Amino acid sequence: MGLCELAVRPPWQSHGIGARLHTALLTAIAPQWSSLLALPANQRGQDLYTRLGYRYAGPYRNTPGGPEFDLLLLHVTSPDTAAQGEAAS
Numbered sequence: 074m075g076l077c078e079l080a081v082r083p084p085w086q087s088h089g090i091g092a093r094l095h096t097a098l099l100t101a102i103a104p105q106w107s108s109l110l111a112l113p114a115n116q117r118g119q120d121l122y123t124r125l126g127y128r129y130a131g132p133y134r135n136t137p138g139g140p141e142f143d144l145l146l147l148h149v150t151s152p153d154t155a156a157q158g159e160a161a162s
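Per the numbering used here, the sequence shown runs over residues 74 to 162.
Structure follows, in structure tokens:
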């Protein structure tokens, strides 16, 4: 599953909403893997993705000369994996 554009508006951040949305998506889709692109400078996002269990896989560019993103991967081994991030939030 490639996760694209899951965002929570700033006034609603740090309330566990992003983690709950992520868990609901993984539970509904039940993928073996989830991937996403994150801007390296987005520390709050990076922290959330780490709590959710994502690991850095390498740099990624959509186009030559375009911005560099961090490619993050999550191996989803069970429904419990989907809930890890929610429990950590």
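We treat Cβ as the ideally placed atom computed from N, Cα and C, and that holds for glycine.
Here the structure is a predicted model, which is why all the values come from computation and not from measurement.
- Annotation: the stretch 75-137 contains the following complete segments of the beta strand (DSSP E) (minimum length 3 residues), in chain order: 106-111, 128-134.
- The straight-line gap separating the alpha-carbon atoms of Gln105 and Leu146 is approximately 11 Å.
- Ranked by Cα distance from Gly131, the first of Leu125, Gly89, Pro113 is Pro113.
- Closest option to Gly91, judged by alpha-carbon separation, among Gly75, Ala80, Gln119, Ala103: Ala80.
- Tyr133 is a Cβ neighbour of Leu110, given a cutoff of 7 Å.
- Comparing alpha-carbon positions, the option among Ala101, Ala103, Tyr127, Ile102 lying closest to Leu144 turns out to be Tyr127.
- With respect to the 7 Å criterion, Val149 and Ser108 are not classified as neighbours on the basis of their beta carbons.
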